[in-house]
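All remarks here apply to the structure that follows.
Numbering (this note's numbering), first residue to last: 157 to 348.
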């Protein structure tokens with residue numbers, strides 16, 4: 157709904173919570189998440205959709221939030237790394253607890269696998285890697301092929317996530333520290 161000038165009202169669900177905002181038509185989803193909603197997990201790396209540091213889930217599909225206009229996400233369900241949780245990979249996040257053990261219990265399985273496999277060094281790309289991996293696993297389970305999927309595979313059948321599949325599906329997420337082998341191992345751990 158237009159509110160005049162260069163701003164419009166937009167309603168989103170972010171990490172399971174409804175958000176009604178008035179946003180500049182030019183504002184990206186990334187900027188709204190970081191600057192208006194204080195969800196700083198998604199990072200602004202290249203601001204051109206080339207590094208994947210800003211990856212979030214939009215209606216369960218991964219997307220580079222730096223390329224999406226916030227106003228165009230009306231009615232969408234957005235999950236950031238802050239919204240990943242143990243039960244289903246989106247919607248809530250950790251809300252309190254009585255210690256580190258309690259906190260770890262609420263982590264998404266991929267977050268636990270990243271910790272166990274030391275799948276990060278500086279951590280800058282980790283939120284985007286996690287959201288991308290959650291989306292990639294869902295895409296494979298739904299039978300969406302990648303560039304390296306066997307062309308003879310039955311369309312719509314779940315795609316087994318081999319190392320090559322994982323690398324291909326996460327190729328849009330760059331890690332300047334070179335933690336790729338550990339990231340692949342973490343995703344393998346979750347999909348076994």
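Think of the CB as a built atom: it goes at the ideal place given N, C-alpha and C, for glycine as much as any other residue.
Length of the line joining the Cα atoms of residue i and residue j
i	j	result
residue 279	residue 194	18 Å
residue 199	residue 310	37 Å
residue 244	residue 292	Confidence in residue 244 is poor, its pLDDT being 49 and thus under 50, which makes the residue's placement too unreliable to answer from.
residue 299	residue 312	4 Å
residue 288	residue 220	9 Å
residue 173	residue 232	11 Å
residue 269	residue 162	44 Å
residue 215	residue 343	21 Å
residue 271	residue 328	21 Å
residue 186	residue 314	31 Å
residue 303	residue 326	12 Å
residue 317	residue 294	11 Å
9 Å Cβ cutoff met for residue i and residue j
i	j	result
residue 285	residue 331	yes
residue 296	residue 338	no
residue 224	residue 196	no
residue 273	residue 341	yes
residue 266	residue 234	no
residue 237	residue 283	yes
residue 181	residue 167	no
residue 177	residue 226	yes
Reference residue i; option with closest CA among the options
i	options	result
residue 306	217, 235, 290, 324	324
residue 175	241, 229, 203	229
residue 281	207, 177, 170, 167	207
residue 333	178, 277, 345, 303	277
residue 203	222, 192, 304	222
residue 336	319, 346, 260, 169	319
residue 213	201, 192, 240	240
Coil, strand or helix - residue i by DSSP
i	result
residue 289	helix
residue 318	coil
residue 272	helix
residue 261	helix
residue 325	helix
residue 237	helix
residue 228	helix
Residue span of the alpha helix (DSSP H) that contains residue i, given as start and end
i	result
residue 342	336 to 347
is_contact[residue i, chain B] using C-beta, thresh 9 Å
i	result
residue 198	As a matter of chain content, chain B is missing from the structure shown, which is built from one protein chain.
N- and C-terminal bounds of the beta strand (DSSP E) containing residue i
i	result
residue 221	Note, residue 221: premise wrong, no beta strand (DSSP E); not H, not E.
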